[in-house]
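First residue of the sequence shown? That's 8 in the working numbering, and the numbers climb one at a time after it. For reference, the structure is listed below as structure tokens.
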Amino acid sequence: LGVIVSSIFILNGFVKAKRTLLERTMQIKLRFDLSKKVFICLQRLPLSFFRGKTTGEHMFSFSYDVEKTVDSIIFIPRELIGIFPRLIFILAIIFYMDWQMAVFSLILVPIMYLPVCYFMRRMRLVWEELLNQICYLMANFSVLLVTILINHSSLNI
8 LGVIVSSIFI LNGFVKAKRT LLERTMQIKL RFDLSKKVFI CLQRLPLSFF RGKTTGEHMF
68 SFSYDVEKTV DSIIFIPREL IGIFPRLIFI LAIIFYMDWQ MAVFSLILVP IMYLPVCYFM
128 RRMRLVWEEL LNQICYLMAN FSVLLVTILI NHSSLNI
């Protein structure tokens, strides 16, 4: 029995390592191909597109977009493959036990999602407003600090 359990444990480790290796290989290839296509499109843009921001800001935004796109392409199908069989199994059990309750819960789930979506949007707006206020205060206090330092240094002279 111990040999069977240990062999299953080792086999599980090999399967996870192979899956991780496959995911990393796909990420690297996809990131390279997508970055190549993005930079080919960047070369076709007019020069006026690049005048508003620094090179670092452009590079950061493009690499961040490529990274998020690659992550979504790699990880969303894997998560869907893991979630949907369980969801179908749970729904089958619920429909078998009480179909009226299952229909009621399927109707209720989208309705229960609406308040969460509303409050998340509201919190995002409040957070953005708070960040704007903090930036405004930081700009004003930095000017105030410079003014105080200039006045203090002129008094010492």
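By construction, the Cβ of each residue, glycine as well, lies at the ideal position given by its N, Cα and C atoms. All values derive from a computational prediction rather than experimental measurement.
Nonlocal neighbours in the same chain, by C-beta distance under 8 Å from residue i, ignoring five residues either side
| i | result |
| --- | --- |
| V73 | R38, L41, S42, V45 |
| G9 | none |
| Y71 | none |
Residue span of the alpha helix (DSSP H) that contains residue i, given as start and end
| i | result |
| --- | --- |
| S170 | Nothing in the structure corresponds to residue 170, since the chain is present only between 8 and 164. |
| T76 | 62-104 |
Sub-8 Å separation of residue i and residue j beta-carbons
| i | j | result |
| --- | --- | --- |
| M108 | I101 | yes |
Residue i, DSSP secondary structure in three states
| i | result |
| --- | --- |
| R58 | coil |
Neighbourhood of residue i by C-beta distance below 7 Å, restricted to the same chain and skipping five residues each side
| i | result |
| --- | --- |
| S68 | none |
Three CB pairs or more closer than 8 Å across the stretch 18-37 and the stretch 74-81 = In this structure the stretch 18-37 touches the stretch 74-81; the number of beta carbon pairs closer than 8 Å is three or more.
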